[in-house]
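Notes follow the structure.
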Ligand SMILES: [Zn+2]
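Residue numbers (the numbering used here): 4 to 262.
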């Protein structure tokens, strides 16, 4: 069985090899009971260090590699089949709800280009009024987890504005000022950037930094049988909880390849 996972950001890391060796998820862990925001942190802190054979600092992984490894580890330990509850089809326009078995290998990935350097620059000329360049990086998983729980980005109802937090944690330099904290960046954006320019910034960042596994995978539409209907891929905790049928489908695959 394939147990190597070549990282998307190979070449970008100092202390992480280009390829990691996938091992076993502990037989009994709290993976089954951990949900929501705690889930990624649990994977990062408790599952990856024992399930990946290389001894590295997992916090340093790019977010796109964290997702990439999680899928590889899931397929390695439980097979590629996953039962999902909603399928959207563009061909017939139907949204189907129920239980559908999908194949996690059918989630596409946008790879980083050759000789990729992790730094994007948005020039001031792109903005309507804002007079400064913005430089940003693809974030590490640790940065994103920090961003999503940062109280400075909480609104009155207690919810963190994740999108805004994420942007401020990705930016490294704004108007030539290096070494600003995410809070300082937040304050500068709020004070000096118009709403239209912020939308511009948000859109450009989404375009520029759009790498890694896609949010959805492809599957067969239960209504019209088109093969390009989509399901949500990695956003559910249940992604790591294969059903009995998912495991049986994997078993069947393994028997047919070893026969
Ligand atoms: Zn359809």
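Positions of the beta carbon are idealized from the N, C-alpha and C atoms, including for glycine.
Inset, instruction - With a cut-off of 6 Å, give the chain-ordered residues whose Cβ is closer than this to any heavy atom of ligand 1. - result: A residue is listed when its beta-carbon falls short of 6 Å from at least one non-hydrogen atom of ligand 1; in chain order these are 92, 94, 95, 97, 224, 226, 227, 229, 232.
Inset, instruction - Helix, strand or coil for residue 66, going by three-state DSSP, please let me know. - result: helix
Legend entry - Which listed residue (53, 39, 31, 73) has its alpha carbon closest to that of residue 8: 73
Inset, instruction - Grab me the residues of residue 121's own chain with a C-beta within less than 7 Å of its C-beta, minus the 5 sequence neighbours each way, in chain order. - result: Non-local C-beta neighbours of residue 121 in its own chain, meaning closer than 7 Å and more than five positions away in sequence, comprise 15, 140, 141, ordered along the chain.
Inset, instruction - Note down the Cα distance separating residue 175 from residue 157, rounded to an integer number of angstroms. - result: 21 Å
Inset, instruction - Kindly indicate the opening and closing residues of the alpha helix (DSSP H) around residue 261. - result: 247-261
Inset, instruction - Report yes or no: do three or more beta-carbon pairs, one from the stretch 95-104 and one from the stretch 45-55, lie closer than 8 Å? - result: no
Legend entry - Span of the alpha helix (DSSP H) around residue 195: 185-195
Inset, instruction - Flag this pair as touching only if the stretch 128-135 and the stretch 98-108 have three or more C-beta atom pairs under 8 Å; answer yes or no. - result: no
Inset, instruction - Would you mind reading off the limits of the alpha helix (DSSP H) that contains residue 93? - result: Careful: residue 93 lies outside any alpha helix (DSSP H) and carries neither H nor E.
Inset, instruction - Starting from residue 147, trace the alpha helix (DSSP H) both ways and give me its first and last residue. - result: 144-151
Legend entry - DSSP three-state assignment for residue 40, whether helix, strand or coil: Reduced to three states, the DSSP call for residue 40 is helix.
Inset, instruction - Take residue 218 and list the residues in its own chain whose beta-carbon comes closer than 8 Å to its own, dropping the five residues that flank it on each side. - result: 235, 236, 237, 238
Legend entry - Nearest-angstrom Cα separation, counted from residue 70 out to residue 115: Straight across, the Cα-Cα distance linking residue 115 with residue 70 is about 14 Å.
Inset, instruction - Taking the CB atoms as reference points, tell me whether residue 249 and residue 86 lie closer together than 8 Å. - result: yes
Inset, instruction - Take residue 37 and list the residues in its own chain whose beta-carbon comes closer than 8 Å to its own, dropping the five residues that flank it on each side. - result: So the list reads 45, 240, once near-sequence residues are dropped.
Legend entry - Proximity to residue 168 [Cα-Cα], best of 183, 178, 189, 159: 189
Legend entry - Residue environment, residue 137, which counts as buried when at least 16 other CB atoms sit within 10 Å: Result: buried.
Legend entry - Pick from 247, 251, 243 that is closest to residue 28, judged by C-alpha positions: 243
Legend entry - Reference residue 224, options 13, 123, 203, 102, closest by Cα: 102
Inset, instruction - Just confirm the distance between the C-beta atoms of residue 221 and residue 210, as a whole number of angstroms; I'd bet it's less than 8 Å. - result: In fact, because the Cβ distance is near 22 Å, the residues do not count as touching under 8 Å.
Inset, instruction - Please determine, among 258, 25, 40, 18, the residue with the shortest C-alpha to C-alpha distance to residue 165. - result: 40
Inset, instruction - Would you identify the three-state DSSP class for residue 3, choosing helix, strand or coil? - result: This structure gives no information on residue 3, because the portion of the chain shown stretches from 4 to 262.
Inset, instruction - Would you mind stating whether residue 10 and residue 25 have Cβ atoms separated by less than 8 Å? - result: no
Legend entry - Exposure of residue 202, with buried meaning 16 or more beta-carbon neighbours within 10 Å: exposed
Inset, instruction - Let me know if residue 199 comes out buried or exposed under the rule of 16 or more other beta-carbons within 10 Å of its beta-carbon. - result: Exposed: under 16 other Cβ atoms inside 10 Å.
Legend entry - residue 227 classed as buried or exposed, judged by whether at least 16 other C-beta atoms fall within 10 angstroms: exposed
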